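Per our numbering, the sequence shown runs over residues 10 to 167.
Comments concern the structure below.
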Amino acid sequence: METWLAFIAAIISLIISTTSIYMVVRLKGEISRKKGIEVGISSKSVYRERIKRYVVFRVVRIDDSPSFEELESCLKETVKESLGLLGFSETSIKLVRYKVESGIGILRIVSNNIYPIIFSISRLRRCGGKRIVISPLKITGTVKGAYKKVTIYESKYR
């Protein structure tokens, strides 16, 4: 090989290696900066705080109205069947209020994702041998707001 051709090949290889080293160093810097940003974001998205929500619902009775205790046990069993034992243990469900006469009630849900719970509750069709349909009416963040909605809906659905 001629000397000038060897010299050009050496210079080209030097330029390629220098460019690749520069690209690696720059890419590593960008990745470490993004990683720091992503760690800050992902730590918030991985751990979401469990939020307390109140669901105002209406029980549409087909046969007869279930009692307070029957409805609470049926709701818990339905959520346990839908979400499984692990999903049920991560949620905290409590029937706060239920009037048999009007069929309007308040359900407290403590979870980081309430929509699967509401979906499983709305699938409930039988409770204690009685055919019912549960329709969620409103989701609120406070008990006071839930009680306000209950008074509105009780006057509406009489």
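Even glycine gets a Cβ: it sits at the ideal position worked out from N, Cα and C.
Since we're looking at a predicted model, the values are computed, not measured.
Taken atom to atom, the span from the alpha-carbon of Ile123 to that of Leu36 is near 41 Å.
Between the beta-carbon of Ile141 and that of Arg70 there is about 6 Å, and that keeps the pair under the 8 Å contact cut.
Per DSSP, Thr149 is one residue of the beta strand (DSSP E) stretching across 139-149.
DSSP places Leu104 inside the beta strand (DSSP E), whose first and last residues are 101-107. Cβ-Cβ separation between Leu146 and Arg67: approximately 6 Å, consistent with a contact (criterion under 8 Å). Here DSSP, grouped into helix, strand and coil, assigns Tyr166 to coil. Setting aside the 5 residues that flank it on each side, Ile148 is surrounded in the same chain by Arg62, Val64, each with a C-beta closer than 6 Å to its C-beta; the list follows chain order.
Proximity to Ser111 across Ile161, Arg135, Glu78, Lys85 peaks at Ile161, based on C-alpha coordinates. Sorting Thr28, Val109, Glu81, Phe16 by C-alpha distance to the C-alpha of Asp73 places Val109 at the top.
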